[in-house]
Structures are given as structure tokens and as C-alpha cells.
Amino acid sequence: MSETTQALDLEDLRTTVADVLDVEEKELTDDAHFVETLGVDSLMALEVMVVLEKKYGVKLREEELKQVTSLRKAYDLLAEKLEAR
């Protein structure tokens, strides 16, 4: 992919997702459930997906997104996608 694609870092991912969701980074723990704990709705989830796809240069399928319920799961999915390239 492009040279501008960022390397995956959990703390950088936390900062990015917290910014998109407009929550404090300390609220976005590794296992905080996006919907149940943070009140993320489908529009916010879509916005996170778009930002992550652009930042990391990956394409996420809808089925994959449904599995991303926490920061840790988002990290694991992105790591898998980046490794597969």
C-alpha cells in the first residue's frame, strides 16, 4: 500500500477512536464496549470505520465491523488486515 499508511499502535488507535467518538481517552479502555459502555450508534461506528480505513489503508467489510465491539477488537482486526497485505 502507500507509504503514508501508519503503523498500528494501540495508543495511537485509542487517540484516533476517542477523537472520532468525542470521548476521553481514559474512557476508551481496551475492553470498553462501544455500544453498551460508550453509547456508540451506527452512524458513529461508520464514521470510525471510514477514519480507520483511510488512516491504515485497509478495507473493512460490514461483517467484520459487526465484530468490532471494543478497542481491543478493532486493534486485532486492523493488525490482521495489515499483516495480510
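So the sequence shown is numbered by full-length UniProt numbering: it starts at 1 and just counts up by one.
Even for Gly, the Cβ is constructed at its ideal location relative to N, Cα and C.
Item checked: Where A84 falls, given that 16 or more other Cβ within 10 Å makes a residue buried -> To locate residue 84, count along the sequence shown from 1; it is residue 84. Exposed, because fewer than 16 other Cβ atoms sit within 10 Å of the Cβ of A84.
Next item on the list: Please look up how many angstroms separate the CB atoms of Q6 and K81, rounded, as I've assumed it's under 8 Å.
Entry: Indexing the sequence shown from 1 puts residue 6 at position 6. Indexing the sequence shown from 1 puts residue 81 at position 81. The pair is not a contact, with the Cβ atoms about 13 Å apart (cut-off 8 Å).
Note to self: I need the straight-line Cα distance from L69 to D9, nearest angstrom please.
What the structure shows: Mapped onto the sequence shown, residue 69 falls at position 69. Mapped onto the sequence shown, residue 9 falls at position 9. Note that residue 69 corresponds to Thr in the displayed sequence, not to Leu. Roughly 18 Å between the two C-alpha positions.
Note to self: Let's see if you can read the secondary structure: which residues bound the alpha helix (DSSP H) around K26?
What the structure shows: Residue 26 sits at position 26 when you count from the first residue of the sequence shown. Element bounds for K26: n/a, residue is neither H nor E.
Check: Is T37 helix, strand or coil by DSSP?
Finding: Translated into the one-based positions of the sequence shown, residue 37 becomes position 37. Of the three classes helix, strand and coil, the one that applies to T37 here is coil, per DSSP.
Next item on the list: Put T16 into one of helix, strand or coil per three-state DSSP.
Entry: Position 16 of the sequence shown, counted from the first residue, corresponds to residue 16. Looking at T16 - three-state DSSP - the assignment turns out to be helix.
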